[in-house]
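In what follows, a single structure is set out as structure tokens and then discussed.
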Amino acid sequence: MLTLRSILSLPVILSTSILAHAFASPPLVRSNVNSVNGNGNGNGNGNGNGNGNSNGKSQSDSERMFASGFLDQQHLRDKPNYAANFIGGERCGEEEMVWISAGFDEMNQLFQASRNVDWTGDAERDFFGDPLRITNYTGLIEENLLRATQYSNLKGSNGTRMPDIHIRCDDPEDYCQNMFKNSGKHAVYNIGNEPHINFCPQYFNMDPLDAQVDEKADQEKNNVMKYYNRATAWARQIMHFSAVGVAIRETVNPIGNMSTESMTSWTTTVTNASMNISILAGVTDEHPKTNGPNDIFVLKYAYGASRAKLLAALHTQMPYDTANNAETYALYAQARYVMARKGFYPNEPMLDSTDQAGLLRSKLQEGDNPKFNWVCYESLDTM
């Protein structure tokens, strides 16, 4: 017989599927995280050093495993009664649960603001591209956004019930501390393109949605990155879920034998895939600054507004690259929320007029701003 202890000892992707089915509908159940993890650090290595709580705090009695139903109970008493539940909660304390729950609620507000897409609008052009260039993918983008809005569906409604979300704070993949210097750290990351999110210490330093929109961004109100907040981080993670974000995967296959000169043509195959982070084509890879041997290259992942907008503007990119980029959807939804709340579109950073000038910008090479310590620019936020 499988016990909860044995389930949690399985690989995280497998344990997620088992827990999601097991806790789909029961009432809220709590147990101390020590009783299910069987060790002091919550990461399965049994060294009992109490450092598994990724927020740096020692474990307390308030750190529990929340089985299900927690979204509509004590942590969100004044929030909507969402149909989707949280499961898991490994190494997440009471304060962390509140911050995670509030971010989820704010994320739903972002996506509600993006429901009606205007393909002639500035935000749509900036983040997804010229409507003529992406005409084959506008339907896909709208469907992705629609699925994201369905996490705001309430219990008892006729809307689609989205999958429950396994949340955790124990960093099972040891991914919160990045190996690259001066490149930021992930605030959150997804596991297996499933509804499974780990929240790192950086997430709990991110501001609430309206505090960021109404107060923090006033000095540079036209810069969309100044509005980046915990809801935006949540939005990017939701788009990674295979039940939400659908991406285009195109593979090129040669016709004929590549070992002979007779092979002169190619065929392409287009399929659907889960959504990750797109990369910038035609941008020189660089050696990252590491603590070890400096013998690896890194790609330019399209995090942040500068890189996301370059996906839409550069001729070296495929038209569907913007539709495949989870960060693009998050930034677009954030921009639409600002437009609805503040009455204007924050259009900065603005791109240079030529592709080459955009490629050479130091801002692109260094990331939008080192102060935005919410993502590692040199690595994916999906495991």
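Take the sequence shown: its letters are residues -22 to -1, 1 to 361, numbered as in mature numbering (1 follows the signal peptide of the UniProt record, and there is no 0).
Think of the CB as a built atom: it goes at the ideal place given N, C-alpha and C, for glycine as much as any other residue.
Asked: Three-state class that DSSP yields for R93 in the structure shown; Found: coil
Asked: Y279 - partner residues in DSSP beta bridges; Found: I257
Asked: Own chain, CB closer than 6 Å to Q215, minus 5 neighbours either side, in chain order; Found: V166, N168 and I175
Asked: Beta-carbon proximity of G66 to I145, cut-off 7 Å; Found: yes
Asked: Alpha-carbon to alpha-carbon, A221 and I257; Found: 22 Å
Asked: Cβ shell of residue 412 (< 7 Å), same chain only, five flanking positions each side left out; Found: This structure does not reach residue 412, given that the chain is present from -22 up to 361, and the question cannot be answered.
Asked: Check: L258 C-beta below 6 Å from any heavy atom of the ligand PLP; Found: The ligand content of the structure shown is nil, which means the ligand PLP is not present either.
Asked: Beta bridge counterpart(s) of N250 as assigned by DSSP; Found: I226
Asked: Limits of the beta strand (DSSP E) - the one that R146 falls within; Found: I143 to R146
Asked: Opposing strand residues paired with E326 [DSSP bridges]; Found: N201
Asked: Per DSSP, cross-strand counterpart(s) of P232; Found: W244
Asked: For H174, the residue or residues it bridges with in DSSP; Found: H144
Asked: Cβ neighbour criterion (16 or more within 10 Å) applied to W244; Found: exposed
Asked: Reference E356, options Y205, H164 and M85, closest by Cα; Found: H164
Asked: Supposed close pair F105, P173 - CB separation, criterion 8 Å; Found: 24 Å between Cβ atoms; not a contact.
Asked: Proximity below 7 Å, CB of N207 to CB of L187; Found: yes
Asked: Cα-Cα separation, N136 to T306; Found: 29 Å
Asked: Neighbour-count burial assignment, A62, 16 or more Cβ in a 10 Å radius; Found: buried
Asked: Nearest residue (CA-CA) to I119, options L132, R103, N131 and P150; Found: R103
Asked: Own chain residues within Cβ distance below 6 Å of M217, not counting five before or after; Found: G223, M253, A304 and Y307
Asked: 8 Å CB neighbourhood of D96 in its chain, flanking five on each side removed; Found: E102
Asked: Proximity to L132 [Cα-Cα], best of N59, M328, M184 and L289; Found: N59
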